[in-house]
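The sequence shown begins at 1 in full-length UniProt numbering and counts up one residue at a time.
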Amino acid sequence: MAKPQDVHPLSNESISITTSETPQPDPTFPPYHHDDDEAAEARDTISDDIPSMLPLPTNRGRRVSVSAESIQPSLHKTQQEYVVHPKSDEQRERIKEAICNNFLFRNLDDDQHRTVVDAMAEKRVKSGEEVIEQGAQGDYYYVVEQGTFDCLINGNKVTSYGPGGSFGELALMYNAPRAATIVATSDGVLWALDRITFRSILMDSTARKRRMYEQFLEEVPILKSLKTYERHKIADALEPVQFDDKEVVMHEGDVGQNFYLIEDGEAVFYKKDEDNQLREVNRLGKGDYFGELALLHDNPRAATVVAHGRLKCVTLDKSAFTRLLGPVMDILKRNSENYHAILKEVHSNDKQS
């Protein structure tokens, strides 16, 4: 099996992952369009329909405005201690399943999901109790643990919720009036998360992740020549992705869309020989990068990459790669030329043997 010993540790090709490679908008500060209130609520499970768990001030005769609290990152420089409300493993799993496909939670990592689930508080309701009032101010998002709930718009039932259902997620983003009324049709139990806690968790986690990525980038040899503020910009653009043992990261010949830095683990590179058999040509580990060849030259992926053990990477898409790595582009191109020369030598040695 051919293994080039002098391959530059930071240049290899390939990777086209099957997970979503396009960074999603930060749910902490999404755009808001007032005219879309009711449509957005109905689309996102009629959600923001839940009355606050706290008494709401009366504001008769004045138009209710929409706004979002300003949470300063500087206030979240250290990991906060959030309240943990006890739950059984089964309850935690039901909450996690309820939120995993919700647009607000879809891109949270495991730690963020765990903190969100921990922070949700139990709220018991009686049959006939109005949980949310249409037009009232809302501060909470709810997941149904037990019971059934009807959703009413202008007094007309539009949908209902049972265990595992959820509603009120837009309250985690805006001080917006509820678009619907939610009424319990049986005794029930809800898990509730308030906006301030959710946004604090998100801001705190984002700040910690940025510091972690900045420290990691400082250890990547190819990026040592970058200025601090340039590494900051890269850290903000990085998206995490993980692969299980023996999972294919990319296939030789795929169209390349992403550049990868290995955060932890090992990636094994294979190329097809003249007999169309895969042969190992290189291995890369923490601090190494790959995927640049297809982006530099608009060529198909030059190798198949497979995870050896658990592989954690961070990735930049093609536009971010071009925009943010401009200062080291010449080095990347020089290393890619060395890589091609080494591969040529490997194939030559294979033929002789």
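Don't be surprised by glycine CBs; every beta carbon is placed ideally from N, CA and C.
- Classified as exposed, Gly-135 has fewer than 16 neighbouring CB atoms from the shown chains inside 10 Å of its CB.
- Counting only residues of its own chain and dropping the five nearest sequence neighbours on each side, Ile-95 has a CB closer than 7 angstroms to the CB of Val-117, Met-120, Val-143, Trp-191.
- For Ser-186, the CB contacts under 6 angstroms within the same chain, skipping 5 residues up- and downstream, are Ser-127, Gly-147, Thr-148 in chain order.
- Around the beta carbon of Lys-246, fewer than 16 other beta carbons lie within 10 angstroms, which makes this residue exposed.
- Under the criterion of beta carbons closer than 8 angstroms, Gly-253 and Arg-301 qualify as touching, at roughly 6 angstroms.
- Between His-297 and Val-268, the C-beta gap is not smaller than 8 angstroms, which leaves the two residues out of contact.
- Arg-231 and Val-314 have their alpha carbons spaced roughly 14 angstroms apart.
- In the DSSP assignment, Lys-157 falls within the beta strand (DSSP E) that extends over 156-161.
- No residue range can be given for Asp-109, since it is assigned to no alpha helix (DSSP H) and is classified by DSSP as neither H nor E.
- Pairing Thr-181 with Gln-137, the inter-Cα distance amounts to about 12 angstroms.
- The criterion of a C-beta distance shorter than 8 angstroms is not satisfied by Glu-145 and Asn-102.
- Nearest to Val-183 by alpha-carbon distance, out of Thr-197, Leu-223, Gly-162, is Gly-162.
- Within the same chain, Ala-180 come within 6 angstroms of Ile-153 by CB-CB distance, once the 5 residues on both sides are set aside.
- A straight-line Cα-Cα distance of about 27 angstroms links Lys-312 and Gln-277.
- For Pro-221, the secondary structure class from DSSP, reduced to helix, strand or coil, is helix.
- The criterion of a C-beta distance shorter than 8 angstroms is satisfied by Pro-240 and Asp-109.
- Secondary structure of His-251 (DSSP, three-state): coil.
- Apart from sequence neighbours up to five positions away, the residues of its chain that approach Phe-216 with a beta-carbon distance below 7 angstroms are Glu-263, ordered along the chain.
- For His-308, there is no enclosing alpha helix (DSSP H); the residue is found in the beta strand (DSSP E) stretching over 304-317.
- Pairing Val-125 with Ile-132, the inter-Cα distance amounts to about 12 angstroms.
- Counting other Cβ atoms within 10 Å of its Cβ, Ser-166 reaches 16 or more and is therefore classed as buried.
- Thr-115 and Tyr-174 have their C-alpha atoms roughly 21 angstroms apart.
- In terms of CA proximity to His-85, Leu-193 leads the group Ile-99, Arg-178, Leu-193, Asp-317.
- Beta-carbon to beta-carbon, Ile-201 and Gln-91 are separated by about 19 angstroms, too far to satisfy the 8 angstroms threshold.
- Under the three-state reduction of DSSP, Arg-211 is assigned to helix.
- Looking at the DSSP output, Tyr-174 shares a beta bridge with no other residue.
- CA-to-CA, the gap between Arg-106 and Glu-97 works out to about 11 angstroms.
- If you look at Lys-233, you'll find it in the alpha helix (DSSP H) that goes 228-237.
- Check the Cα spacing between Val-305 and each of Lys-157, Ser-225, Tyr-260, Pro-177: the tightest is with Tyr-260.
- Taken through DSSP and simplified to helix, strand or coil, Ala-179 comes out as coil.
- Here Leu-172 is not near Tyr-213, since their CB atoms are 8 angstroms or more apart.
- With fewer than 16 other CB atoms across the displayed protein chains lying within 10 angstroms of its CB, Ser-319 is exposed.
- The residue from Glu-129, Arg-178, Asp-317 with its alpha-carbon nearest to that of Asp-139 is Arg-178.
- Comparing alpha carbon positions, the residue from Ala-303, Gly-326, Thr-206 closest to Val-248 is Ala-303.
- In the three-state DSSP reduction, Phe-198 falls in the helix class (H, G or I).
- By the CB criterion at 8 angstroms, Val-281 and Lys-272 fall outside the cutoff.
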